Amino acid sequence: MHLHPRRAVVSLLASSLALSGAIVFAPTAGAVPAASCTVTPAANGTFVTISGEGFTAPRNLNDGESTEPLNVDANGNFLLKRFQKNVDYTVLAVNEDQSNIFVNCRMVQPDTGTAQPSSTTGTGDRNDRVQGRIAGDLAGRDAAETSCSERPMPDRSQNHTDAYWEAWVQAADRAFDRACA
Numbered sequence: 680m681h682l683h684p685r686r687a688v689v690s691l692l693a694s695s696l697a698l699s700g701a702i703v704f705a706p707t708a709g710a711v712p713a714a715s716c717t718v719t720p721a722a723n724g725t726f727v728t729i730s731g732e733g734f735t736a737p738r739n740l741n742d743g744e745s746t747e748p749l750n751v752d753a754n755g756n757f758l759l760k761r762f763q764k765n766v767d768y769t770v771l772a773v774n775e776d777q778s779n780i781f782v783n784c785r786m787v788q789p790d791t792g793t794a795q796p797s798s799t800t801g802t803g804d805r806n807d808r809v810q811g812r813i814a815g816d817l818a819g820r821d822a823a824e825t826s827c828s829e830r831p832m833p834d835r836s837q838n839h840t841d842a843y844w845e846a847w848v849q850a851a852d853r854a855f856d857r858a859c860a
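Its first residue numbered 680, the sequence shown is counted upward by one per residue in this note's numbering.
Take a look at the structure:
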């Protein structure tokens, strides 16, 4: 009767030693480069920037509706912009033997610091442009009433979209030129 428990204990000890040995000899998580992916929405909400690092090519990007190939460089990085508001993306391995079979991209909040003028025209929504034109027109006329030697300058400490500032500058210059001509 004592043989069964003894065998069970010996079997249990032998299997635990075998498993712990396998765990000791297994590669550490630090040995495999960690891949990461982030999605950053634009401050004006018209596009997202998707960036990743630590990937081996080839890779695909899935947005829940479609899958497209990613251009992963020699350093394992990629960067692309998508003109949509979706923030749920997954980077997929093309080959089954690649590390990091799938990596879910995490969303980070856009930088709301001092906005630099965007080189892309036509961004922003219609209401921002209208508000920028109205405010720029008033600023241009006020500056012309004060002195025709100094053009109006926008106060960019206010938080507005690039579309607002483009419209503001155009309207201010137009109103200033009309009043001072």
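For glycine and all other residues, C-beta sits at the position ideal for the given N, C-alpha and C.
As the structure is a computational prediction, the values presented were derived from the model and not from experiment.
For the alpha helix (DSSP H) holding residue i, just list the boundary residues, first then last.
i, result
"Val766", "Where Val766 is concerned, there is no enclosing alpha helix (DSSP H), given that its DSSP letter is neither H nor E."
"Arg853", "841-859"
Which same chain residues, not among the five before or five after residue i, have their C-beta less than 6 Å away from its C-beta?
i, result
"Arg808", "Ala842, Ala846"
"Gln777", "Thr735"
"Leu759", "Ile729"
Can you tell me the Cα-Cα spacing of residue i and residue j, whole angstroms?
i, j, result
"Ala822", "Asp852", "10 Å"
"Ser828", "Arg857", "14 Å"
"Cys784", "Arg820", "48 Å"
"Ser730", "Ala753", "15 Å"
"Arg835", "Phe734", "39 Å"
"Val727", "Ala721", "6 Å"
With 16 as the cutoff for other CB atoms within 10 Å, does residue i come out buried or exposed?
i, result
"Thr746", "exposed"
"Leu749", "buried"
"Phe781", "exposed"
"Ala860", "exposed"
Kindly indicate the opening and closing residues of the beta strand (DSSP E) around residue i.
i, result
"Arg738", "738-741"
"Ile729", "727-732"
"Glu824", "Element bounds for Glu824: not the beta strand (DSSP E) but the alpha helix (DSSP H), 805-825."
"Glu747", "746-749"
"Cys716", "715-720"
"Val773", "Run containing Val773: none; DSSP gives neither H nor E here."
Going along the chain, which residues of its own chain have a beta-carbon closer than 8 Å to the beta-carbon of residue i, five neighbours each way excluded?
i, result
"Asp816", "Ala850, Ala851, Arg853, Ala854"
"Ala714", "Gly731, Glu732, Gly733, Phe734, Gly755, Val770, Ser778, Asn779, Val782"
Taking a contact to mean a Cβ-Cβ separation below 7 Å, would you say residue i touches residue j in this structure?
i, j, result
"Arg738", "Val751", "yes"
"Thr867", "Asn756", "Here the chain covers residues 680 to 860 and nothing more, so residue 867 does not appear."
"Ala717", "Val787", "For clarity, residue 717 is Thr in the given sequence; the question names Ala instead. Contact: yes."
"Tyr768", "Asp804", "no"
"Pro789", "Thr719", "yes"
Excluding the 5 residues flanking residue i on each side, which residues of the same chain have their C-beta closer than 7 Å to its C-beta?
i, result
"Val848", "Gly815, Pro833"
"Arg812", "Ala846, Ala850"
"Val622", "Since the first residue shown for the chain is 680 and the last is 860, residue 622 is missing from the structure and cannot be characterised."
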